[in-house]
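First the structure, in the form of structure tokens, and then the observations on it.
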Amino acid sequence: MENLSDDEKVKRNMQRIAHKILVLSGKGGVGKSTVAVNLAIALALEGKRVGLLDVDFHGPSIPTLLHLEGRRPQATETGLLPILIQGGMKVMSLGFLLAKPEDAVIWRGPLKIHAIKQLLGDVEWGELDYLVIDFPPGTGDEPLTVAQTIPEADGAVVVTTPQDVSTIDVSKSVTFCRQLNIPVLGVIENMSGLICPHCSKVIDLFKQGGGEAMARRMEVPFLGRVPLDPQIVTSSDEGKPFIYYHQNTEAAAAFKRIVEPL
Ligand code: ADP
Numbered sequence: 093m094e095n096l097s098d099d100e101k102v103k104r105n106m107q108r109i110a111h112k113i114l115v116l117s118g119k120g121g122v123g124k125s126t127v128a129v130n131l132a133i134a135l136a137l138e139g140k141r142v143g144l145l146d147v148d149f150h151g152p153s154i155p156t157l158l159h160l161e162g163r164r165p166q167a168t169e170t171g172l173l174p175i176l177i178q179g180g181m182k183v184m185s186l187g188f189l190l191a192k193p194e195d196a197v198i199w200r201g202p203l204k205i206h207a208i209k210q211l212l213g214d215v216e217w218g219e220l221d222y223l224v225i226d227f228p229p230g231t232g233d234e235p236l237t238v239a240q241t242i243p244e245a246d247g248a249v250v251v252t253t254p255q256d257v258s259t260i261d262v263s264k265s266v267t268f269c270r271q272l273n274i275p276v277l278g279v280i281e282n283m284s285g286l287i288c289p290h291c292s293k294v295i296d297l298f299k300q301g302g303g304e305a306m307a308r309r310m311e312v313p314f315l316g317r318v319p320l321d322p323q324i325v326t327s328s329d330e331g332k333p334f335i336y337y338h339q340n341t342e343a344a345a346a347f348k349r350i351v352e353p354l
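According to my numbering, the sequence shown is numbered sequentially starting from 93.
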């Protein structure tokens, strides 16, 4: 086996991935992981070779969202194999490596850095067009550690909900990216209006347009809105990726529009 350092392994692996996209949010619960999964699948549906990496120390939720709980990646002589799902997408989550999903919350910085380097350097991602990386929420130590360990990201998408408390957190995420020299690819306003299942009218549960206004104010692109769709909750709970199973919905169309410029 080659005798490469952790950093060399990360570099070698990352060189084979054309685009690395970070998915950030100023706080938890705004749909960051849901957006990461659906954007990754939207890219795969376009015929791209896609990997999805979950480094949310706070509670890796990708295994649940894709019904992959309890799966363990296979170890080979040269590294760890990501789990393949429908459409050939490769998935790796910190959750696959933990005995309990909450175990990593108590890890100190160096252990977190080691885990991220393993996920980037020891996983056999192969040649990919995109690696979508689901970040820990917020702008504290955890996302900072992750951002500093991932070399040469193309940029970040920042997920928010339309109401003020959440859009204020977006400005913190944008500032976070600027301080780390990570380009902001744009803001996504999630849970933007509820489409009434009975009359199809839009109900502005959390108002609309806050994310777009914040993107303008912070001079970053606005990538689009994803409406609130109760089917996102049920499909997430069932571990069935929403966009595969509900392709003819406004929310699925929104995810597909968002990945066009990426
Ligand atoms: P985060 O990663 O920001 O903590 P999650 O992706 O786990 O958030 O989403 C939080 C909850 O909101 C989940 O139950 C998810 O199914 C739901 N959710 C996310 N986006 C939407 C949406 N557009 N419509 C309806 N429910 C959503």
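Glycine residues also receive a C-beta, built at the ideal position from the N, C-alpha and C atoms.
On a predicted model such as this, the values are computed, not experimentally measured, just so you know.
Exposure of residue i, with buried meaning 16 or more beta-carbon neighbours within 10 Å
i, result
"residue 337", "exposed"
"residue 143", "buried"
"residue 344", "buried"
"residue 167", "exposed"
"residue 325", "exposed"
"residue 321", "buried"
"residue 296", "exposed"
"residue 110", "exposed"
"residue 269", "buried"
"residue 139", "exposed"
"residue 121", "exposed"
"residue 245", "buried"
"residue 329", "exposed"
"residue 175", "buried"
"residue 123", "buried"
"residue 340", "exposed"
Option nearest residue i by Cα separation, candidates the options
i, options, result
"residue 277", "290, 306, 224, 312", "312"
"residue 97", "124, 141, 244, 209", "209"
"residue 342", "317, 330, 352", "317"
"residue 187", "181, 204, 179, 180", "204"
"residue 259", "298, 327, 271, 235", "298"
"residue 334", "184, 221, 126, 248", "126"
"residue 169", "245, 95, 273, 352", "95"
"residue 220", "207, 327, 183", "183"
"residue 128", "291, 236, 282, 339", "282"
"residue 230", "161, 256, 150, 119", "119"
Presumed contact (8 Å Cβ cut-off) between residue i and residue j, rounded CB distance
i, j, result
"residue 350", "residue 280", "6 Å"
"residue 108", "residue 217", "7 Å"
"residue 147", "residue 238", "5 Å"
"residue 348", "residue 159", "That belief does not hold up - the Cβ atoms of residue 348 and residue 159 are roughly 22 Å apart, past 8 Å."
"residue 113", "residue 222", "6 Å"
Chain-order list of residues whose beta-carbon lies under 6 Å from that of residue i (same chain, five-residue window excluded)
i, result
"residue 172", "165, 214, 215"
"residue 102", "209, 212, 213"
"residue 275", "247"
Own chain, CB closer than 7 Å to residue i, minus 5 neighbours either side, in chain order
i, result
"residue 301", "254"
"residue 132", "142, 144, 181, 224"
Span of the alpha helix (DSSP H) around residue i
i, result
"residue 281", "Segment 276-287 is the beta strand (DSSP E) holding residue 281; no alpha helix (DSSP H) there."
"residue 334", "334-337"
"residue 106", "98-106"
"residue 306", "302-309"
"residue 258", "256-271"
"residue 325", "322-330"
"residue 148", "First-last for residue 148: undefined, no H or E at that position."
"residue 177", "Careful: residue 177 lies outside any alpha helix (DSSP H) and carries neither H nor E."
"residue 312", "Note, residue 312: premise wrong, no alpha helix (DSSP H); not H, not E."
"residue 206", "201-213"
"residue 125", "124-137"
"residue 347", "342-351"
Residue i: first and last residue of the uninterrupted beta strand (DSSP E) it sits in
i, result
"residue 111", "109-117"
"residue 196", "From DSSP, residue 196 is part of no beta strand (DSSP E); its letter is neither H nor E."
"residue 252", "247-252"
"residue 182", "182-185"
"residue 223", "220-226"
CB contact below 9 Å: residue i versus chain C
i, result
"residue 230", "The chain labelled as chain C is not found in the depicted structure, where only one protein chain is given."
Own chain, CB closer than 8 Å to residue i, minus 5 neighbours either side, in chain order
i, result
"residue 346", "316, 317, 318, 319"
"residue 304", "279, 281, 314, 317"
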